[in-house]
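In my numbering, the protein residues as written are 123 to 529.
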């Protein structure tokens, strides 16, 4: 087994890391998929089953392209791979503008253009998620690695939190919620130009025997496997709550429109943003063992609140507490699992990154299951019950930190 990375003091200047943080902001565009799904569903009068496929279209590509992106990093470098991801994201922003800004586009045409956008967003975000986190390892390391990833996730969360609010305002005030994609497009172009001009010294990665099978073989290591499942659960919870938060509220208030309930997503992202802010400090000060325990406790309590809201206490503040707890608790799970895996096998960081990002397929798995079970039971209680599974896994890991190499 490879030895864990020694603690180092490598740090980056603000001028070098700033464009990377803007790229993290661009990464946050993927979280708009939940809000966009509900708004497109309403615009095009789609069924819940049809609309839930949008989330799958985005997150499915993490499974397909995560490991090939690792190959791309080994061949072309991490910065170039991030630039490719931003270029694909720019394409994803253009298609919704065509769908809504051009007069006379039929319903079928709008649907096709939105499907293409969701697919490109998923592919671009896969490239970005795989390459952007390891790029940080060229700038900081050791004790600062986890906290810097959380700092990047905090910047990402700002986009996640603000986008639904801006889209809701644009939709209710001007009936142009889709103008959010114009804003995304401008920011993406700026991120591409700035990062292209950035000078980053990358450590040479050598993986002459790298293959798809050998990368998957890393799952034979207990720490890597548990981190992978942890990310699977984290993203499943994230995508599920992102998509169904408005529907929890709409289920308790008959006749409420998706645009009116969109603010619930921002409550979730607001506390997720707060979680990242606290995580930047906590991950640098406390052990991973302590932070995993805090995360798991918050997520478990949130599931209890969701169940209470959908059964005996359908009052709004219970839902708000649930969203706050899951947003705060789930926020740093990715940073923890990603950094634990990366530090466990430091010489295989490109491959580990691709493997961990494959875990984002959880975002394509959990939301359709939540939708299917909720349809089966006739209420959002079904969605809440599905969340029990990933919450229990996080509690299991928190109760057994030695399995992650955390004494």
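Think of the CB as a built atom: it goes at the ideal place given N, C-alpha and C, for glycine as much as any other residue.
In the same chain as residue 275, and ignoring 5 residues on each side of it, the C-beta atoms closer than 8 Å to its own belong to 146, 398, 401, 453, 454, 456, 457, in chain order.
Apart from sequence neighbours up to five positions away, the residues of its chain that approach residue 337 with a beta-carbon distance below 8 Å are 189, 192, 473, 476, 477, ordered along the chain. One alpha carbon belongs to residue 479, the other to residue 498, and they sit about 31 Å apart. For residue 446, the closest C-alpha among the options 269, 322, 283 is that of 283.
For residue 356, the enclosing alpha helix (DSSP H) stretches over residues 344 to 374. With a 10 Å radius around the Cβ and a threshold of 16 neighbouring Cβ atoms, residue 521 comes out exposed. Taken in chain order, the complete alpha helix (DSSP H) segments of 4 or more residues contained in the segment 156 to 208 are 170 to 198. Taking the C-beta atoms as reference points, residue 174 is found nearer than 7 Å to residue 489. Under the three-state reduction of DSSP, residue 408 is assigned to coil, being neither helix nor strand. Taking a cut-off of 8 Å on C-beta distances, the segment 300 to 311 does not touch the segment 420 to 438, as fewer than three cross pairs fall below it. Residue nearest to residue 323 within the set 303, 260, 395, 149 is 260 (criterion: CA-CA distance).
For residue 249, the enclosing alpha helix (DSSP H) covers residues 229 to 258. Exclusion of the five residues before and after residue 321 leaves 138 as the residues of its chain whose Cβ lies within less than 8 Å of its Cβ.
Here residue 298 is exposed. Its C-beta has fewer than 16 other C-beta atoms within 10 Å. Taking a C-beta distance under 7 Å as the contact criterion, residue 442 and residue 389 qualify as a contact pair.
Here residue 235 is not near residue 249, since their CB atoms are 7 Å or more apart. Distances from the CA of residue 519 to each of 203, 459, 505 were compared; the closest alpha carbon is that of 459.
Non-local beta-carbon contacts of residue 143 in its own chain, meaning distances under 8 Å to residues more than five positions away in sequence, involve 273, 274, 277 in chain order.
Residue burial annotation: residue 315 is exposed, with fewer than 16 other C-beta atoms found within 10 angstroms of its C-beta.
Beyond the five residues adjoining it in sequence on each side, residue 214 comes within less than 7 Å, by CB distance, of 239, 242, 243, 246 in the same chain, given in chain order.
Secondary structure note for residue 262: it is in no alpha helix (DSSP H), with a DSSP letter that is neither H nor E. Distances from the CA of residue 496 to each of 426, 185, 509 were compared; the closest alpha carbon is that of 509. The C-alpha of residue 407 lies about 10 Å from the C-alpha of residue 413.
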